[in-house]
Amino acid sequence: MSDTELAMHGHGAELAEGSPYAIPSRKLTMWLFIISDAVTFGALLFGYGYLRIASSDWPTPFKFNPSIVNVLIMTLVLITSSLTMLGAVDSAKTGDKAKTNRFLWSTILLGVIFAGLHIREWFGLIDEGVRLFQNPWGSPLFGATFFSITGLHLLHVICGVVALIVISRGFSRGWLTAGHVETTGLYWHFVDLVWMFVVPLIYLLNISR
Amino acid sequence: MERTVPVRTASTNVIAKYLPVYFVLLGIAGVEVLLAYRHFSIGSLLGILLALALCSGTLAVMYFMHLAEERRSLFLTLIPVTIFVLLQMNMIWSDSFRLLRMKPFPH
Chain X
3 MSDTELAMHG HGAELAEGSP YAIPSRKLTM WLFIISDAVT FGALLFGYGY
53 LRIASSDWPT PFKFNPSIVN VLIMTLVLIT SSLTMLGAVD SAKTGDKAKT
103 NRFLWSTILL GVIFAGLHIR EWFGLIDEGV RLFQNPWGSP LFGATFFSIT
153 GLHLLHVICG VVALIVISRG FSRGWLTAGH VETTGLYWHF VDLVWMFVVP
203 LIYLLNISR
Chain L
294 MERTVPVRTA STNVIAKYLP VYFVLLGIAG VEVLLAYRHF SIGSLLGILL
344 ALALCSGTLA VMYFMHLAEE RRSLFLTLIP VTIFVLLQMN MIWSDSFRLL
394 RMKPFPH
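Line order of the protein sequences matches chains X and L. One rule links them: number in this note's numbering = place in the first sequence (from 1) + 2. One rule links them: number in this note's numbering = place in the second sequence (from 1) + 293.
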């Protein structure tokens, strides 16, 4: 063992066990964060489901145009961003900085488009009179559940975009590694995954017929 | 103990590799919209949409998040526990249906 390794890991380093999952510790940490976040979203969605089923006057405000069309475009954008993120992780592992940056910035752009469409959707509903605890149609809790669940998801998207910008700069300047790109990629795919549950439960269950 | 991500020398065409998963996910989203406009009861529609969302989620976790390529021990540590915790929340459904029909608790 070299002096540097001794300084970093101590004398017992050679006795330490490897990860039982054969993944870097930061990746395992991200997985644990994702699981806890999944349970948070799960609790919110279950709470929403309870209110949705228990309320006979739950509003169904989402018309095919513009709301459902907008949601379909947002879904297309977010799933496409997952694909570009896969490209970024793959390029990072090969050490191709230029290609990684191209993929990362494509993902960032798609994330910004998604957030823009999401905010447009919010303003549309606010214009129609939806507030946190009131709306013109029925159960006043509609606004609270809609804005809290989609708002938490939007917050995740915005945090993801900021993280991707930091990762892109760090990877191109050499102070972040392919492991960081991969870990951020996991987070970004999770944001995509949550959206796959938000769309059917929040939007499609409340379409205007 | 921190491990480093191995550096590969040649890039595979990862976009082409995951394109089928991408199209299946888009297809499921389209089917969900079509089914939402069919006249199901709210309970049935919720069940169908949740089942389709679970299919999408499974594809995303296994392929986009590469859980299918990790050691089985990671899958067995993370997924069953998460499913168990989420299933515990199902306790509330019966009460939500009872409230909808305004039925008292059975004696």
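Ideal Cβ positions, reconstructed from N, Cα and C, are used throughout, including at glycine. Only a predicted model underlies this, so the values are computations on that prediction, with no experimental measurement involved.
- DSSP lists no beta-bridge partner residue for F192 of chain X.
- Per the DSSP secondary-structure output, I209 of chain X pairs in a beta bridge with X:F64.
- The closest CA to that of T370 of chain L, considering only X:G162, X:V200, X:V193, X:L30, is found on X:L30.
- Using beta-carbon distances, A361 of chain L does not count as an interface residue toward chain X, since no partner is under 9 Å.
- In summary, no residue of the region 158-173 of chain X has a CB separated from any CB of chain L by less than 9 Å.
- Around the beta carbon of V374 of chain L, fewer than 16 other beta carbons lie within 10 angstroms, which makes this residue exposed.
- Note that the C-beta distance between L85 of chain X and I151 of chain X is not below 9 Å.
- In the DSSP assignment, S108 of chain X falls within the alpha helix (DSSP H) that extends over 99-129.
- By the rule that beta-carbons nearer than 9 Å mark a contact, V41 of chain X touches chain L.
- When beta bridges are read from the DSSP output, R171 of chain X appears opposite no residue.
- Three or more pairs of CB atoms, one per stretch, sit closer than 8 Å, so the region 381-395 of chain L contacts the region 49-57 of chain X.
- Residue environment analysis places E325 of chain L among the buried positions, since at least 16 neighbouring C-beta atoms fall within 10 angstroms of its C-beta.
- Bridge pairing for Q136 of chain X: X:R133 [DSSP].
- Using a Cβ distance threshold of 9 Å, I209 of chain X and Y330 of chain L count as a contacting pair.
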